[in-house]
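Residue numbers (the working numbering): 3 to 151.
For glycine and all other residues, C-beta sits at the position ideal for the given N, C-alpha and C.
Just so you know, these numbers come straight off a predicted model, no measurement behind them.
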Amino acid sequence: MNLGRLIIAALTLTLNLAACEQQAPPEAPGSAHDEITSPIKPHTLSQLSAPATEPTLSPPLALAQKSGCLNCHAVDHKIIGPPWQEVSKRYAGDEGARSHLIKKVKTGGSGNWTEITGGVVMPAYGGRVSEQDIEILVDFVLSLTQQPQ
């Protein structure tokens, strides 16, 4: 196995564990494991414009945070997965986009954004996030091309 594939496999495993919200038992402070399981702190447009004291997320972003989406995605920049503004642009005008993206969130997958993700797999969220919440999140992502940037 070459180094690139090993790195992708390690990132995929880390993402899948984070997505499952599994937490390992506490280890000694300063252990190497601390770096791997530390939460990613994404920045979103609403956080950047919110007061510095207590950022308040919009309802769709609060749902995304609760569902684990913001561990890998942000509205306006790459974390691990593509920025949602780019997803919205790619699917603008595509009548089948909504159903395609709902299915992709439910089943996970890879290959659509390899140039951004480096091949890291998006884990499946069907069963972890309700159908209604997935629809709300996909509608939010698709609406981003209609909002001022």
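Express the C-alpha separation of residue j and residue i in angstroms, rounding to a whole number.
i: I136; j: K108; result: 8 Å
i: E97; j: T58; result: 32 Å
i: E117; j: Q148; result: 25 Å
i: I152; j: K91; result: What is shown of the chain runs 3 to 151, which leaves residue 152 out entirely.
i: N114; j: H75; result: 15 Å
i: I138; j: L146; result: 13 Å
Taking all protein chains shown into account, do 16 or more other C-beta atoms lie within 10 angstroms of the C-beta of residue i, making it buried, or fewer, making it exposed?
i: T119; result: buried
i: S112; result: exposed
i: G83; result: buried
i: A64; result: exposed
i: P61; result: exposed
Given a cut-off of 9 Å, decide if residue j and residue i are closer than it, judged by their beta-carbon atoms.
i: V89; j: L144; result: yes
i: H102; j: Y93; result: yes
Taking residue i and residue j to be in contact with their CB atoms under 8 Å, please state how far apart those CB atoms are, rounded to whole angstroms.
i: R100; j: V131; result: So it is not a contact: roughly 16 Å between Cβ atoms.
Based on Cα-Cα distance, which residue from the options lies nearest to residue i?
i: G128; options: P61, Y93, C71 and S60; result: C71
i: K106; options: T58, M124, S60 and P62; result: M124
i: F142; options: A126, W86 and W115; result: W86
i: Q134; options: Q67, I104, G95 and N73; result: I104
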